[in-house]
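Here the structure is laid out as C-alpha cells; the discussion comes afterwards.
Numbering (my numbering), first residue to last: 548 to 714.
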C-alpha cells in the first residue's frame with residue numbers, strides 16, 4: 548500500500564522539502580530529502596522541543612550536509628535522522644517508511660496480515676477489559692462500606708432510613 552507524497556524530481560541531492568503527512572488529519576508534515584542518491588523521510592518534529600524543523604513553510608536549513616533545526620540549531624544526519632549536535636544530541640528524528648515508485652516518492656504502509664489484525668483486536672479487547680476491571684474495583688472499594696439502607700442527610704448530620712417502614 549502506497550500513498551504518493553511528491554515526484555522524485557522534486558527531491559534534489561542535499562536539499563529537503565516538506566510534504567503533508569496523509570496519515571495525520573491535524574496537518575502534520577514530513578521532511579523528504581535526498582542524501583547519497585537515496586531518498587529519506589522523517590516526521591517534521593524536532594525531538595528537543597517538538598517543534599517543526601523548517602524556518603518557513605517548505606524551507607529547511609541544510610548546512611555542511613546536515614539538516615539543521617531552525618528553532619534550536621540541532622544538526623541531524625540526513626541518512627538516519629540521528630542528532631549529532633545541539634540540545635537533543637543522541638536522539639533521532641522519527642523515520643518514515645517510503646519507497647520510490649513510478650517516478651514518485653510514496654509513503655509505504657505494509658498491509659497487516661489478518662493474524663496481525665486479530666492480535667491487535669484481541670490486545671485492544673484485553674486492555675479495555677483491564678480498564679473495566681480496575682474501574683469496578685475502584686467503585687467497590689469506594690462504596691462497599693456505605694450502608695445502602697440508610698441515606699446521609701446533611702441537614703440533620705446523621706443517617707436516616709432510605710425507606711420508611713410501615714408501623
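Beta carbons are placed, not taken as given, at the ideal position from N, Cα and C, and that holds for glycine.
DSSP places residue 655 inside the beta strand (DSSP E), whose first and last residues are 651 to 655. Annotation: the continuous beta strand (DSSP E) that includes residue 587 extends over 585 to 590. Rounded to the nearest whole angstrom, the CA to CA distance from residue 625 to residue 633 is 15 Å. When DSSP states are grouped into helix, strand and coil, residue 640 belongs to the coil group. Straight across, the Cα-Cα distance linking residue 615 with residue 593 is about 10 Å. The C-alpha of residue 687 lies about 11 Å from the C-alpha of residue 680. Taking a cut-off of 8 Å on C-beta distances, the region 553 to 566 touches the region 576 to 584, as three or more cross pairs fall below it.
Across the set 568, 553, 597, the C-alpha of 597 shows the shortest separation from the C-alpha of residue 638. Shortest Cα-Cα distance from residue 610 to any of 595, 621, 565 involves 621.
For the options 586, 551, 584, the alpha carbon positioned closest to that of residue 570 is the one of 551. DSSP, read as helix, strand or coil, puts residue 562 in coil.
Look at residue 646 here: in three-state DSSP terms it is strand. Non-local C-beta neighbours of residue 644 in its own chain, meaning closer than 6 Å and more than five positions away in sequence, comprise 655, ordered along the chain. Under DSSP, residue 550 shares a beta bridge with 654.
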